[in-house]
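Reviewing the structure listed below.
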Amino acid sequence: MAVELKQLIDAALAARGRAYAKYSNHPVGAAVLADDGNIYAGCNVENAAYPLGFCAEANAIGSMVMGQGKVIRHIVIAGPGEHLCTPCGGCRQQIREFAGKAGAPVTIVDREGTVLLETTSAALLPHSFGPENLS
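Mapped onto our numbering, the consecutive letters of the sequence shown carry residue numbers 1191 to 1325.
What follows is the structure in structure tokens.
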């Protein structure tokens, strides 16, 4: 396993450990490798008013933007169990915004950090809508 992927997995697992998931008991962590070479992490944050929560992927992307990263080069998502914890539709669209039409690698790991799926954001959201569709 490349050091870079291990660092991303470790960051996603650490972020999952900080999740605020008291309603669903489904903590998720995400880590983004950005074009600036930095790793940005995020966790899901739930709210008693359910629609007001935030997904781990969205929080990681927000951290990237705050850190002045512009492009997702790779994203790792760590779920709480042994099952696939893939991004929701909204997060797929947000990842697409910063990974571009061609996409970026997406790695899904279980609670121990074992890789369950390696795919791309383009495969997760085929025929996507992006900035170029607005011109």
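We treat Cβ as the ideally placed atom computed from N, Cα and C, and that holds for glycine.
- Note on Val1255: under 16 other CB atoms within 10 angstroms of its CB, so exposed under the neighbour-count rule.
- Going by C-alpha positions, Ala1231 is about 8 Å away from Glu1247.
- Contact fails between the region 1197 to 1204 and the region 1237 to 1244, because fewer than three Cβ pairs, one in each stretch, are under 8 Å apart.
- In this structure Pro1277 is not in contact with Arg1301, their Cβ atoms being roughly 17 Å apart against a cut-off of 8 Å.
- Taking every protein chain shown into account, the CB of Val1218 has 16 or more other CB atoms within 10 angstroms, so this residue is buried.
- Each residue's CA atom was taken as its position, placing Ala1221 and Asn1323 some 28 Å apart.
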